[in-house]
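What follows is a set of notes on a single structure, which appears directly below.
Numbering (my numbering), first residue to last: 55 to 311.
And the structure:
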């Protein structure tokens, strides 16, 4: 009987081990525990963007793309004083808007979008922000995430706007893993208890922004760590050594010597 020839590995191929697995998917009970822990820690969460009505909220969210809420608030503090309505924004014009928002990223494109957005609101919606996803997403500079924020914050709907923080959190913790923001959004909508869904948008953003950070999650101070499936939890930093108290100079301490 002829010997069986050895299997030849094709040229250029590489041996591959098992693909790394992400965190195990949380059970629904664990999801509830995770969310309830965040709720107990922050019972009344709010957006960190400054606004006074649906229009100023919409503009602020459009401006917040690739910018921090703090930088947007600095820009809109003066912008909204002179243009708090769609009509006033149109009268201000592209150059006028641009003069207020130069400190934030993509300000030229955003200035054009804000003016066209204001025109569309006046011409198509009577100067009002529509409470309709399709109508919102048809506005310049408005995508699904922005529409979700407006529907949630301005109109009280239980939507989930998946930004970079929520996308990271959903995958890292096992809360709702997904390859795309939409997959994470759909997972969160299905898995988070309905009565907690609207506020969860804020809880998760704030938790990702200040605790479950991208480079070094601060697991040691996470109130929901007991339910999190992230395996490589960051330990607490060592306590800082106490500073030695300098010995008093003899001239300042007459009791010595």
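Every residue, glycine too, gets a C-beta built ideally from N, C-alpha and C.
Query	Result
CB contact flag (residue 82, residue 245, <8 Å)	yes
8 Å contact criterion, which residue 91 and residue 277 should meet: CB distance rounded	5 Å
Buried/exposed call for residue 271, threshold 16 Cβ in 10 Å	buried
Spatial neighbours of residue 224 in its chain, beta-carbon cut-off 6 Å, leaving aside the 5 residues before and after	230 and 238
Cβ separation of residue 195 and residue 171, assumed to be a contact under 8 Å, to the nearest whole Å	6 Å
Whole-angstrom C-beta distance between residue 103 and residue 118, which should lie under 8 Å	6 Å
For residue 220, the three-state DSSP class (helix, strand or coil)	helix
C-beta contact flag for residue 206 and residue 275 at 8 Å	no
Collapsed DSSP secondary structure at residue 186 in the structure displayed	coil
Closer than 8 Å to chain D by CB, residue 215	Structure shown: chain D not included; a single protein chain is present.
Assigned secondary structure, residue 143 (DSSP; H/G/I helix, E/B strand, else coil)	helix
Buried versus exposed, by CB contacts within 10 Å (16 or more), residue 140	buried
Rounded straight-line distance, which links the Cα of residue 144 to that of residue 289	52 Å
Residue 245: CB within 7 Å of a non-hydrogen atom of the ligand FAD	The model on display carries no ligand, and the ligand FAD is accordingly not part of it.
Assigned secondary structure, residue 258 (DSSP; H/G/I helix, E/B strand, else coil)	helix
Cβ neighbour criterion (16 or more within 10 Å) applied to residue 190	buried
Euclidean distance between Cα positions of residue 236 and residue 265	23 Å
Residue closest to residue 317, alpha-carbon to alpha-carbon, out of 181, 226 and 261	In the structure displayed, the chain extends from 55 to 311; residue 317 sits before or after that span and is not available.
Opening and closing residue of the alpha helix (DSSP H) in which residue 169 lies	161-179
Buried or exposed by the 16-neighbour rule on C-beta atoms within 10 Å, applied to residue 84	buried
Environment of residue 247 [buried if 16+ CB atoms lie within 10 Å]	exposed
Spatially closest choice to residue 93 from 256, 267, 156 and 268, by CA coordinates	256
Residue burial classification, residue 233 (beta-carbon count within 10 angstroms, cutoff 16)	exposed
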